[in-house]
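Engineer:
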Amino acid sequence: MAVVSCPSAAQEVVMATEPGAALPVVRSLVDRYFTRWYKADVKGKPCEDHCILQHSNRICVITLAGSHPVLQSGKTIESISYQISTNCSRLQNKVSGKFKRGAQFLTELAPLCKIYCSDGEEYTISSCVRGRLMEVNENILHKPSILQEKPSTEGYIAVILPKFEESKSITEGLLTQKQYEEVVVKRSSATTAAS
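According to our numbering, the sequence shown holds residues 5 to 199 in order.
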């Protein structure tokens, strides 16, 4: 029987520093602890893609997908608003206690915020998953550029907690990373073929 041993930390450092040795790949915090899910063409709007980062504890962080128009070069965010209507502001969401009392309940298509760009374009960001709104990222109100600079980390939109019994089914209708990449490739090849 063969005995398999793992190299010690010191051996790994030596192996990584040897000429021609591959550097170890350090995965980001997001890649280590979250599963990426995508919703393409939200509400039928082309390229308005959202990314849902799902943690093993079922919490979902809503972010913009890399192909969203807001993240494309040349776009400048003028302002972001969590005021959905005259009677509904996501900033008024007050969660308390073990059972998350006071949290606003959201459906898949519920608007979370509106992003206004300097070119006059307006984008409504939807929740993409059913659940309770735990928090919104108020930092992007004061510094909208972090939404573009760090969309998966500091520039997140909101945090949603799906119901326990629905936590397995929330990914139905969402795309995996590989499926999403295929959609983006098809989209870009269709654009290239049309021009």
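All C-beta atoms, glycine included, are put in the ideal place defined by N, C-alpha and C.
Distance check for P73 and K79, CA to CA, integer angstroms please.
Structural biologist: Looking up residue 79 in the sequence shown gives position 75. Looking up residue 73 in the sequence shown gives position 69. Each residue's alpha carbon lies about 8 angstroms from the other.
Engineer: Whole angstroms is fine: what's the gap from Q58's alpha carbon to Y37's?
Structural biologist: Here residue 58 refers to the residue found at position 54 when the sequence shown is read from its first residue. Here residue 37 refers to the residue found at position 33 when the sequence shown is read from its first residue. Distance between the alpha carbons of Q58 and Y37 is about 8 angstroms.
Engineer: My assumption, with CB atoms under 8 angstroms, is that N97 sits in contact with V133. Please give the rounded CB distance.
Structural biologist: For the purposes of this step, residue 97 is taken as residue 93 along the sequence shown, with counting starting at 1. For the purposes of this step, residue 133 is taken as residue 129 along the sequence shown, with counting starting at 1. Contact between N97 and V133 is absent: CB atoms are separated by about 16 angstroms, not below the 8 angstroms threshold.
Engineer: For G183, count neighbouring C-beta atoms within 10 Å of its own C-beta (all shown protein chains included) and say buried if the count is 16 or more, exposed if not.
Structural biologist: Here residue 183 refers to the residue found at position 179 when the sequence shown is read from its first residue. Here residue 183 is Gln; the residue named in the question, Gly, does not match the sequence. Q183 comes out exposed.
Engineer: Quick one: what does DSSP say I119 is sitting in, helix, strand or coil?
Structural biologist: Your numbering for residue 119 matches position 115 in the sequence shown. I119 falls in the strand class under three-state DSSP.
Engineer: Hey, how far is the Cα of G159 from the Cα of K172?
Structural biologist: Counting from one through the sequence shown, the residue named residue 159 turns up at place 155. Counting from one through the sequence shown, the residue named residue 172 turns up at place 168. Going from the Cα of G159 to the Cα of K172 covers about 26 angstroms.
Engineer: Might you give, ordered along the chain, the residues of its own chain that have their beta carbon closer than 7 angstroms to the beta carbon of T128, omitting 5 neighbours on each side?
Structural biologist: In the sequence shown, residue 128 corresponds to position 124, counting from 1. Cβ within range, chain order: P115 and K118.
Engineer: At which residues does the alpha helix (DSSP H) containing L33 begin and terminate?
Structural biologist: One-based indexing of the sequence shown puts residue 33 at position 29. Per DSSP, L33 belongs to the alpha helix (DSSP H) from L33 to Y37.
Engineer: Could you name the residues of the same chain whose beta carbon sits closer than 8 angstroms to that of G135, not counting the 5 residues immediately before and after it, in chain order?
Structural biologist: To locate residue 135, count along the sequence shown from 1; it is residue 131. Counting only Cβ-Cβ distances below 8 angstroms, and skipping sequence neighbours, we find C64, F109, L110, I164, L165, P166, K167, E170 and I174.
Engineer: Tell me, please, which residues DSSP counts as bridged to R191.
Structural biologist: Taking the first residue of the sequence shown as position 1, residue 191 is located at position 187. R191 is not bridged by DSSP to any residue.
Engineer: By Cβ distance, which residues of its chain are closer than 7 angstroms to L44, with the 5 residues on each side in sequence left out?
Structural biologist: Counting from 1 along the sequence shown, the entry for residue 44 is found at position 40. The residue asked about is misnamed: residue 44 is Ala in this sequence, not Leu. Here the set comprises D53, L179, Y184 and V187.
Engineer: I need the boundaries of the beta strand (DSSP E) containing H54, first residue and last residue.
Structural biologist: In the sequence shown, counting from the first residue as 1, residue 54 sits at position 50. Taken as a continuous stretch (DSSP letters only), the beta strand (DSSP E) holding H54 covers H54 to H59.
Engineer: Going by DSSP, what residue range makes up the beta strand (DSSP E) through S3?
Structural biologist: Here the chain covers residues 5 to 199 and nothing more, so residue 3 does not appear.
Engineer: How far does the beta strand (DSSP E) with I88 in it reach, from first residue to last?
Structural biologist: One-based indexing of the sequence shown puts residue 88 at position 84. Counting along the chain, I88 sits inside the beta strand (DSSP E) bounded by residues Q87 to S89.
Engineer: Tell me where the beta strand (DSSP E) around L179 begins and ends.
Structural biologist: Numbered from its first residue, the sequence shown carries residue 179 at position 175. Per DSSP, L179 belongs to no beta strand (DSSP E) and is neither H nor E.
Engineer: Looking at C-alpha atoms only, which residue of I84, D35, L137 and L145 is the closest neighbour of F103?
Structural biologist: For the purposes of this step, residue 103 is taken as the residue at position 99 of the sequence shown. Checked all of I84, D35, L137 and L145; the closest Cα to F103 is L137.
Engineer: What number of angstroms, rounded off, separates the C-alpha of I150 from the C-alpha of I144?
Structural biologist: For the purposes of this step, residue 150 is taken as residue 146 along the sequence shown, with counting starting at 1. For the purposes of this step, residue 144 is taken as residue 140 along the sequence shown, with counting starting at 1. Looking at the two C-alpha atoms, the distance is approximately 6 angstroms.
Engineer: Can you tell which of T39, L95 and S122 has its C-alpha closest to the C-alpha of N61?
Structural biologist: The sequence position of residue 61 within the sequence shown is 57, counting from 1. Nearest of T39, L95 and S122 to N61, Cα basis: T39.
Engineer: Are the CB atoms of E82 and C121 nearer to each other than 8 angstroms?
Structural biologist: Taking the first residue of the sequence shown as position 1, residue 82 is located at position 78. Taking the first residue of the sequence shown as position 1, residue 121 is located at position 117. Against a cut-off of 8 angstroms, the Cβ pair of C121 and E82 comes out as a contact.
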